[in-house]
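Each remark here refers to the structure printed beneath this line.
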Amino acid sequence: MPTELPIDAALPEVRSALRDRGLCVLEAPPGAGKTTRVPLAIMDDIEGRVVMLEPRRIAARTAAERMAETLGEPVGRTVGYRIRGDAKVSDATRIEVVTEGILTGRLQSDPELRGVGAVIFDEFHERSLNADLGLALCLEARAALRDDLALVVMSATLDGSGVALMLGDAPLIRSEGRTFPVETRWLDRPVPSSARMEDACAALIETALAENDGGILVFLPGEGEIRRVAARLKLPQNCRLRPLYGAMPFAEQRAAIRPERDRRKVVLATAIAETSLTIEDIRVVVDAGLARRARFDPGRGMSRLVTERASRAETTQRRGRAGRVAEGVCYRLWTRAEEGAFPAAAPAEIETADLTGLALDLAAWGTRDPGTLAFLTPPNPGALSAARDVLHRIGAIDGHGAITEAGRAMARVPAHPRLAHMLLNAGPAAADVAALASNRDPLRGAGSDLAVRLDALNLGDPRANAEALARIRTEAKWLQKLAGPSRQLSVGQMAALAYPDRVGLRRPGDDPRWILSGGTGVRMSNDDPLARARLVVVTDTDGAPREATVRQAAPITEAELRAIFGDEIVWHHKCAWSRREGRVIARQQECFGALILEDRIWRDVPNELAARAMLDGVRELGLRFPAAAERLRARVALVRSSGEDLPDMSEAGLLKNLDQWLLPYLSGVRSVADWASQDLLDPLRAMLSWEQRRILDNAAPPTFETPLGRDVPVHYDGDAPGITVRLQEMFGLTQHPVVAGQPLRITLLSPAGRPVQVTTDLPGFWGSSYADVRKDMRGRYPKHPWPEDPTVADPTLRAKARR
Numbered sequence: 001m002p003t004e005l006p007i008d009a010a011l012p013e014v015r016s017a018l019r020d021r022g023l024c025v026l027e028a029p030p031g032a033g034k035t036t037r038v039p040l041a042i043m044d045d046i047e048g049r050v051v052m053l054e055p056r057r058i059a060a061r062t063a064a065e066r067m068a069e070t071l072g073e074p075v076g077r078t079v080g081y082r083i084r085g086d087a088k089v090s091d092a093t094r095i096e097v098v099t100e101g102i103l104t105g106r107l108q109s110d111p112e113l114r115g116v117g118a119v120i121f122d123e124f125h126e127r128s129l130n131a132d133l134g135l136a137l138c139l140e141a142r143a144a145l146r147d148d149l150a151l152v153v154m155s156a157t158l159d160g161s162g163v164a165l166m167l168g169d170a171p172l173i174r175s176e177g178r179t180f181p182v183e184t185r186w187l188d189r190p191v192p193s194s195a196r197m198e199d200a201c202a203a204l205i206e207t208a209l210a211e212n213d214g215g216i217l218v219f220l221p222g223e224g225e226i227r228r229v230a231a232r233l234k235l236p237q238n239c240r241l242r243p244l245y246g247a248m249p250f251a252e253q254r255a256a257i258r259p260e261r262d263r264r265k266v267v268l269a270t271a272i273a274e275t276s277l278t279i280e281d282i283r284v285v286v287d288a289g290l291a292r293r294a295r296f297d298p299g300r301g302m303s304r305l306v307t308e309r310a311s312r313a314e315t316t317q318r319r320g321r322a323g324r325v326a327e328g329v330c331y332r333l334w335t336r337a338e339e340g341a342f343p344a345a346a347p348a349e350i351e352t353a354d355l356t357g358l359a360l361d362l363a364a365w366g367t368r369d370p371g372t373l374a375f376l377t378p379p380n381p382g383a384l385s386a387a388r389d390v391l392h393r394i395g396a397i398d399g400h401g402a403i404t405e406a407g408r409a410m411a412r413v414p415a416h417p418r419l420a421h422m423l424l425n426a427g428p429a430a431a432d433v434a435a436l437a438s439n440r441d442p443l444r445g446a447g448s449d450l451a452v453r454l455d456a457l458n459l460g461d462p463r464a465n466a467e468a469l470a471r472i473r474t475e476a477k478w479l480q481k482l483a484g485p486s487r488q489l490s491v492g493q494m495a496a497l498a499y500p501d502r503v504g505l506r507r508p509g510d511d512p513r514w515i516l517s518g519g520t521g522v523r524m525s526n527d528d529p530l531a532r533a534r535l536v537v538v539t540d541t542d543g544a545p546r547e548a549t550v551r552q553a554a555p556i557t558e559a560e561l562r563a564i565f566g567d568e569i570v571w572h573h574k575c576a577w578s579r580r581e582g583r584v585i586a587r588q589q590e591c592f593g594a595l596i597l598e599d600r601i602w603r604d605v606p607n608e609l610a611a612r613a614m615l616d617g618v619r620e621l622g623l624r625f626p627a628a629a630e631r632l633r634a635r636v637a638l639v640r641s642s643g644e645d646l647p648d649m650s651e652a653g654l655l656k657n658l659d660q661w662l663l664p665y666l667s668g669v670r671s672v673a674d675w676a677s678q679d680l681l682d683p684l685r686a687m688l689s690w691e692q693r694r695i696l697d698n699a700a701p702p703t704f705e706t707p708l709g710r711d712v713p714v715h716y717d718g719d720a721p722g723i724t725v726r727l728q729e730m731f732g733l734t735q736h737p738v739v740a741g742q743p744l745r746i747t748l749l750s751p752a753g754r755p756v757q758v759t760t761d762l763p764g765f766w767g768s769s770y771a772d773v774r775k776d777m778r779g780r781y782p783k784h785p786w787p788e789d790p791t792v793a794d795p796t797l798r799a800k801a802r803r
């Protein structure tokens with residue numbers, strides 16, 4: 001008879017919900033027993049297999065083993081598992097524990113899920129991308145094809161009400177669970193910024209060992225930190241050190257989980273130990289307070305692993321591990337005051353991950369709009385668009401986003417679409433490259449050359465991590481079975497099939513920097529063996545946001561590049577304004593994406609194309625108007641202000657419509673000097689139709705005819721149009737002239753050309769101020785006429801005749 005677990009009290013309610021609704025959401029804290037009890041409890045009520053999803057391989061295998069042990073059977077009979085590269089199932093299997101990608105593949109090949117009666121989503125609070133997608137597809141399949149398909153969503157820390165609502169107000173069942181008290185101990189003061197986390201963590205572990213009995217579970221962000229902490233620890237003779245991370249062989253993972261009979265155990269684990277797994281002899285938790293997550297940058301098309309503060313939900317989950325089977329203690333590598341800065345919860349993977357696989361799955365499902373599926377968190381449109389760009393580049397989808405036959409083949413390969421494309425097009429030899437790209441680098445610090453790692457994989461290398469090599473070899477073997485026909489390709493060519501947007505062309509100069517075909521830049525260290533390579537294919541970087549450093553790459557020749565991407569290498573004719581050179585430059589460039597493989601002068605560039613490029617130069621340099629052109633613009637502005645339909649000749653209006661009025665006049669204009677000598681009067685005049693010119697000349701004439709019949713230019717650059725004339729030239733004029741409905745501003749000059757009066761009312765001047773002006777001027781200029789009544793005098797520019 002199995003030991004009673006807290007979840008047992010909730011099982012009748014779960015079974016009832018599935019009988020009545022076929023749906024339920026189950027909230028149960030870690031250690032309640034939901035992973036191993038729920039599938040067994042509902043098995044007899046379900047017609048067909050019960051498929052349970054686990055986010056990690058170790059959790060899937062361990063859960064299957066424990067359920068089989070409960071039934072007194074070997075794994076593979078009533079309870080089996082299926083993970084990537086390994087499976088233990090039979091015709092008698094009723095409960096199948098799978099990793100999440102397995103379910104998605106099964107749904108794509110068989111949307112009805114024939115033979116499956118229920119799907120359980122375990123540890124849904126981890127919000128993995130595959131779990132979100134799997135649930136969305138199951139819900140659509142249930143609505144359209146399988147209304148009898150039972151769905152159970154189980155979570156330890158996520159508020160289940162939102163999930164229940166998404167499932168159509170499904171029953172929400174809560175199990176209180178059973179945990180033992182856990183004492184929390186924080187640091188008295190923060191770890192100094194100059195101290196290494198590994199040193200501080202090792203010291204805290206040693207303190208926990210000295211102050212407590214029982215096993216210790218230490219949470220660290222990754223395998224590298226586990227190794228460094230292990231190297232610093234000084235453990236007593238009665239302690240055994242056990243690492244625990246996802247890439248370990250399963251036998252070693254199992255050893256870390258199972259109780260030690262004669263020694264205390266110190267388990268150094270990643271987040272793999274937060275949920276699903278119960279490590280029975282643990283009494284103490286030491287939490288470094290860090291988490292490692294993949295963050296995808298759509299702008300660069302690359303993911304990078306970042307180490308950041310764990311969320312409060314994660315640290316709570318970790319703390320609970322100390323109270324699974326007895327009272328415990330949790331040591332935290334931070335102060336209580338620092339905890340307030342921790343985020344409340346970790347982001348869902350769909351918010352931060354590379355969405356290329358999701359985009360391919362959606363295309364294979366026939367969904368172009370993810371809004372039609374039930375996602376608890378919808379995918380980011382920008383990240384999804386970037387993912388679709390990658391799929392289009394590798395031929396998985398067409399220009400409309402529909403999946404191609406090649407894309408369907410890629411979707412059937414349980415690997416990233418990039419690697420699937422490589423395997424299908426490069427053959428079995430690409431399996432080693434794909435396995436290396438999917439796993440931790442076995443030769444860190446050995447330069448970036450991918451060929452060195454392939455040699456280590458096939459011939460061995462004393463510098464390599466033996467465990468990592470063994471894992472990569474195992475993965476490569478089953479990937480070979482999924483590959484397409486064999487082809488004779490170089491390592492660089494195989495890598496380029498997976499990463500066509502990461503082919504790099506070395507920039508000029510001594511510093512090893514490359515521009516990638518996708519448009520971003522990378523660099524290498526000067527002592528890297530590939531530092532002088534002209535062309536490389538980058539398969540891994542450090543993910544730095546500005547200019548990433550290459551971690552793995554393969555050289556490729558231009559001939560090899562042309563052999564596989566000949567159709568994508570095209571000539572572009574570039575004619576553009578160069579701000580740096582101050583002229584129009586015309587080049588013929590042979591390009592692969594953002595790479596310029598050949599560049600030469602374009603000598604016979606069409607005049608119109610060069611003129612259009614010069615328009616950008618004009619926008620940068622600005623418009624220059626000679627006096628005549630400025631006067632025309634002022635006249636047009638004045639008449640436009642009165643309501644006439646004339647072109648907008650303001651500087652803003654002209655710049656907005658450059659291609660309409662200036663383009664025909666830019667033939668031969670290619671530089672700053674050419675533009676400086678350009679007269680804009682003719683282009684501005686050409687903007688006016690014959691009728692518009694007539695309206696302009698009538699309303700705002702360019703000149704004023706004086707009483708002597710002489711044309712004097714009208715100035716339009718002030719507040720009002722005006723002329724400047726000799727006072728005697730206006731004798732006899734009794735009505736003030738008007739332009740564009742405004743009185744002309746007249747500046748009257750003395751015989752010496754000096755202003756004596758400015759007026760907009762000439763008759764008024766004749767009748768008032770003229771007498772004073774006459775009195776003054778007669779003395780200064782006695783040889784010139786100064787009649788008492790200028791309205792009846794003849795206009796003149798001459799002095800009085802001698803008697």
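Mapping of the sequence shown onto my numbering: residues 1 to 803, in sequence order.
Positions of the beta carbon are idealized from the N, C-alpha and C atoms, including for glycine.
| query | result |
| --- | --- |
| Helix, strand or coil at S671 according to DSSP, with G and I counted as helix | strand |
| Residues bridged to A553 [DSSP beta-bridge criterion] | D449, V538 |
| C-alpha distance - V725 paired with D717, whole-angstrom precision | 17 Å |
| Cβ-based neighbour list, M1, same chain, cut-off 6 Å, excluding 5 preceding and 5 following | The predicted position of M1 is uncertain, since its pLDDT is 42 and thus under 50; a value taken from the coordinates is nonetheless stated next. The answer is none, since no qualifying residue turns up. |
| Contact check, L654 vs L621, beta carbons under 8 Å | no |
| Inter-stretch contact (C-beta, 8 Å, three-pair minimum) for the segment 355-368 and the segment 304-324 | no |
| Cβ pair T539, R523 closer than 8 Å | no |
| Cβ neighbours of S486 in the same chain (closer than 8 Å, five flanking residues each side left out) | G427, P428, A429 |
| Completely contained alpha helix (DSSP H) runs for the segment 747-778, where each covers 4 or more residues | 762-767 |
| Beta-carbon contacts of R57 that lie in its chain and below 6 Å, excluding the five residues immediately before and after | I83, T99 |
| Nearest-angstrom Cβ-Cβ length linking V714 and T706, presumed shorter than 8 Å | Not a contact, Cβ separation roughly 12 Å. |
| Boundaries of the beta strand (DSSP E) in which W334 is found, first to last residue | 328-335 |
| For M614, the first and last residue of its enclosing alpha helix (DSSP H) | 607-621 |
| As assigned by DSSP and simplified to three states, the class of A364 | helix |
| C-alpha gap between M614 and D648, whole angstroms | 22 Å |
| Contact check, I515 vs L595, beta carbons under 8 Å | yes |
| Extent of the continuous beta strand (DSSP E) run through A576 | 570-578 |
| Option nearest E558 by Cα separation, candidates T356, V605, V503 | V503 |
| Where S834 falls: helix, strand or coil (DSSP) | Nothing about residue 834 can be reported from this structure: the residues present for the chain run from 1 to 803 only. |
| Residues near G732 by beta carbon distance below 8 Å, same chain, minus five either side | P707, P790, T791, V792, A793, D794, P795 |
| Contact set for A17: own chain, Cβ-Cβ below 6 Å, skip 5 residues either direction | C24, P171 |
| Nearest neighbour of P683, chosen from R633, G709, G289 [CA to CA] | R633 |
| Proximity winner among I272, V182, R242, relative to R804 (alpha-carbon distances) | In the structure displayed, the chain extends from 1 to 803; residue 804 sits before or after that span and is not available. |
| Cβ neighbours of F592 in the same chain (closer than 7 Å, five flanking residues each side left out) | V503, S517, L561, F565, E568, I569 |
| Sufficient close CB pairs (3 or more, under 8 Å) joining the segment 600-607 to the segment 633-642 | no |
| Complete beta strand (DSSP E) runs within the segment 15-95 (minimum length 3 residues, chain order) | 23-27, 49-54, 79-83, 86-88 |
| Rounded distance between the beta-carbons of S448 and L530, thought under 8 Å | 6 Å |
| Alpha-carbon to alpha-carbon, T747 and K656 | 37 Å |
| Beta-carbon separation (whole angstroms), A446 vs R463, contact threshold 8 Å | 6 Å |
| Endpoints, the alpha helix (DSSP H) within which T796 is located | No alpha helix (DSSP H) holds T796; DSSP gives it neither H nor E. |
| Contact under 8 Å by Cβ, A273 with S311 | no |
| Residue burial classification, Q552 (beta-carbon count within 10 angstroms, cutoff 16) | buried |
| Secondary structure of K265, DSSP reduced to three states | strand |
| Where V325 falls: helix, strand or coil (DSSP) | coil |
| Cβ contact (3+ pairs, closer than 8 Å) linking the segment 399-408 and the segment 477-486 | no |
| Straight-line Cα distance separating V75 from T157 | 29 Å |
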